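In what follows, a single structure is set out as structure tokens and then discussed.
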Amino acid sequence: MTKSKKQTRYKRSRPSPLSTKTGAAASAASSFIENELPLDNAANQQTIPILKKLSSLDVDDRAWTASAIAHLAAENPQTRQLMLANNVIGELSKAMADPNPEVAVEIIGALRNLALDDEVSVLEEMMKKNVFDLLLSHLNRIAQTITPCSTVDASLHDNSKEIPLYRLAEQCLLLLQLFIETLEGALSAVTSSPPILAFMVSTSFPSRKIPIPVIKASLQCLNVLTDDSENTLLSISLHTSHPDLIASLMEVAASGASQPDNQSFSVYDDENRMMVRVLAASIVYNVASATSTSTLSSRSQVMMNAVIPATTSALSSLDVAVTLAKAVELEQEFQVDVVSKAPVTPQTTEDGDMQMGHDHDEEVATSTKVLKAQTAIAILESHFLTVHYALEVLANALGDDVNQRGWEDVNGDQDDVDPMDAAVEEEEDSQESDSAAFITQIMTSTAPSLFPLLAQLSQIESSTTIIPASLAASVQGTRVRALSCLETLTMGVDKSWFASQSSSDIATMWTWLIDIANRTTSNTSNSAVAPVVDLEALEGAVGIMWAMSRGISGLKMDIPYTNQQLDALIALCTTATNPPSLIIKSLHVLSLLVNRPDRIPENRQVGLLLLALIAGSPSTEVVFEALDAIFDVYSDASFDYDEPVFVGCDFLRRLKDSVQAVRVKIKGVDRKRDGTLYARGREALDNLVAFIQYKESERAAASR
């Protein structure tokens, strides 16, 4: 039976792009946000004169203005759109040449925040306004100035002259990350720039005296570059030219510590050192996967000694309940500071100057407290972001070889195959079979430790009574990624793992999957509650149901589903707005649930659904998958439901009537654009004709 396995590399959602800010500029900026710019248009027009102050001769004035713009850009989409409409990118591009690093830090932070909504179009506009080229120039100058092997204390809160440059390096690298993971042109420019690559490498060593935020920013860039499946040259170059870096990253990923000072990277502290360990594991895995000399043995070493330890540590070390409780406490503190004190609103002149009332000192003090609360929440958000990275790394590593072949090498013209090509293909098939067996072995051996962690994170919203608004998106993203990772794991484990589970374990698992599905389904009708993310979570839950149903097939276990749950799964297949991938997973769950003795009414219900999908689904993929389900469910006349359902409901005639419709579906597929789907259709049609003949002969034999 064919199987659709959706593999998605989720776009990484980021916490507040601004690093921690201190001092009068930050306080004034926070005050400006809270009081000067309510969301009415008249007040928003006050952002325009602020832009003029970027060219002030006073460095403190420029720093304040840049900080205010950075904070304004982070506040809400309306303000960002207003600023973009008033050429804020052009003004910031001119200001990037500011000789003061502290001002430049705020400028880069503002540019990053402007891309919070529509990354692609905003970054393309930045490319046109020369921001990308200026960014590379900044990094080149920084690389010539600071010394990564310096003995300077690796803290961004030092008074060293190098520290402002390190802050600037961090912001530049994080903006560069946005460019290279979004725009192909930026990716190509960076991979062909030896000085930029050299700087990234030199600032990626966890063992060197480099501020942790800079190390993380460099590693994030290298992670994007090595994750580019179409360009493996960089990964190969890192493997051959920088074995010291790979060894250092392998050490950190494996043990969570680096030599010679044995500093830990297994803690969720204010600097979020755990992120370094997760990124290290991701990069060494990317490099191992791209290197042609990589063997199953070496990949197994990377998986077991880097990816599994690093991701397991990241997933198990975060106390979700404590983190959420802390965020609730901070939100309450934030609300008290802003609302109860009701500070006086400053007025702005036409030149962008602020005129404060007599309560200005109290206002600044209040803003400082608010800023501290925002900073603390951003740290908590970054901890969830690390969990997101860990889940993504784990899912990608486990899913790389699971069902990769599928139909990808099938084309519609296999009549003439060169013997040499056939030999090569046979060798590749053998290697891929070994690779799939290797991944299955790893999944099965690690499932006892991974499954409980992933199951707990998948139920994060079910087990939490209060979710703070500031972390709602982080919690939702955690659930989606955990479900996706758990789907990959349960699809790939050996059947022996399911055999080791008790009937009560299976029943418990089914219950919480249904609970997750119910929670996500209740939100999908409301477009204001992130329906795409909810559909992703729903699809992940249904995908795990499919894996579980398939895993226990043939075992002395059964899933204790109810008629209401069966109806809900059927509804997923008949909802026109649902994506084909969700419908396909749902119909396969259904076919496995009713492919059991003593399920005749349920089998009839699902069988009629499959016929309806074959005859009327607008999705070609769904039609082909529904055919596969029919072939599996009704493959033997000895099944107790075959006579009353397949024969009694005249399924054979209906399938004969569908042959022409299936041919039409296949003709509607563009062979050049989607040869894979076309090949699947051809095989489905061949199987349909053969299945009809088989069932006819089966009935003829039974009537003798």
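Its first residue numbered 1, the sequence shown is counted upward by one per residue in UniProt numbering.
Every residue gets a Cβ at the ideal spot worked out from N, C-alpha and C, and that includes glycine.
Treat the numbers as computed from the prediction; the structure is a model and nothing was measured.
- Counting along the chain, no alpha helix (DSSP H) covers glycine 554, and no H or E run does either.
- In the DSSP assignment, glutamine 263 is bridged to Ser258.
- Nearest to glutamine 332 by C-alpha distance, out of Ser56, Ile506, Ile466 and Ser55, is Ile466.
- The beta-carbon distance between leucine 609 and isoleucine 666, rounded to whole angstroms, is 22 Å. This is too long to meet the 8 Å contact definition.
- Under the three-state reduction of DSSP, proline 211 is assigned to coil, being neither helix nor strand.
- Around leucine 225, the same chain offers Leu234 as residues with beta carbons nearer than 6 Å, after the five sequence neighbours per side are excluded.
- Under the DSSP assignment, tyrosine 678 falls in the alpha helix (DSSP H) whose first and last residues are 675-703.
- With respect to isoleucine 236, threonine 323 sits apart: the two C-beta atoms are not nearer than 8 Å.
- Contact between isoleucine 180 and leucine 187 holds, with the beta-carbon distance rounding to 5 Å and staying under 8 Å.
- Assigned with DSSP and collapsed to three states, proline 99 falls in coil, not helix or strand.
- With respect to valine 190, leucine 238 sits apart: the two C-beta atoms are not nearer than 8 Å.
- The beta carbons of leucine 279 and tyrosine 166 sit about 18 Å from each other, so the pair does not count as a contact at 8 Å.
- Judged by DSSP in its simplified three-state form, aspartate 650 adopts coil rather than helix or strand.
- Taking C-beta atoms under 8 Å as the contact rule, threonine 311 and leucine 394 qualify, at a distance of about 4 Å.
- By the CB criterion at 8 Å, alanine 314 and arginine 273 fall outside the cutoff.
- Linking aspartate 632 to methionine 557 through their CA atoms gives a straight-line distance of about 19 Å.
- Cβ neighbours of leucine 51 within its own chain (closer than 7 Å, five residues either side excluded): Asn86, Val88 and Glu91.
- About 5 Å separates the beta carbon of threonine 182 from that of glutamate 119, a gap short enough to meet the 8 Å contact definition.
- Counting C-beta atoms within 10 angstroms of its own C-beta, leucine 483 has 16 or more neighbours from the protein chains shown and is therefore classed as buried.
- For the pair histidine 242 and valine 201, the CB atoms are nearer than the 8 Å cut-off.
- With fewer than 16 other beta carbons inside 10 angstroms of its own, arginine 653 counts as exposed.
- In the structure shown, threonine 490 adopts helical secondary structure according to DSSP, grouped into three states.
- Only buried fits alanine 327, as 16 or more other CB atoms lie within 10 angstroms of its CB.
- Cβ contact annotation for glutamate 602 (same chain, cutoff 8 Å, sequence separation greater than five): Asn563, Leu566, Leu593 and Val594, in chain order.
- Three or more pairs of CB atoms, one per stretch, sit closer than 8 Å, so the stretch 59-79 contacts the stretch 107-119.
- In chain order, Ala482, Cys485 and Leu486 place their CB closer than 6 Å to the CB of leucine 454, counting only its own chain and leaving out the 5 sequence neighbours on each side.
- Residues Leu566, Ile570 and Val594 of the same chain have their beta carbon placed closer than 8 Å to that of glutamine 605, with the five preceding and five following residues left out of the count.
- With contact defined as three or more Cβ pairs closer than 8 Å, the stretch 209-223 and the stretch 126-144 are not in contact.
- Straight across, the Cα-Cα distance linking alanine 397 with methionine 250 is about 15 Å.
- Take alanine 615, set aside five residues on each side of it, and the residues of its chain with a beta-carbon closer than 7 Å to its own are Ser658 and Ala661, in chain order.
- Cβ neighbours of valine 59 within its own chain (closer than 6 Å, five residues either side excluded): Asn100.
- Proximity of the stretch 379-388 to the stretch 468-476 meets the contact definition, three or more beta-carbon pairs being nearer than 8 Å.
- Bounds of the alpha helix (DSSP H) holding lysine 495 are 495-499.
- Shown here, asparagine 86 sits in coil according to DSSP, grouped into three states, outside any helix or strand.
- For proline 597, the secondary structure class from DSSP, reduced to helix, strand or coil, is coil.
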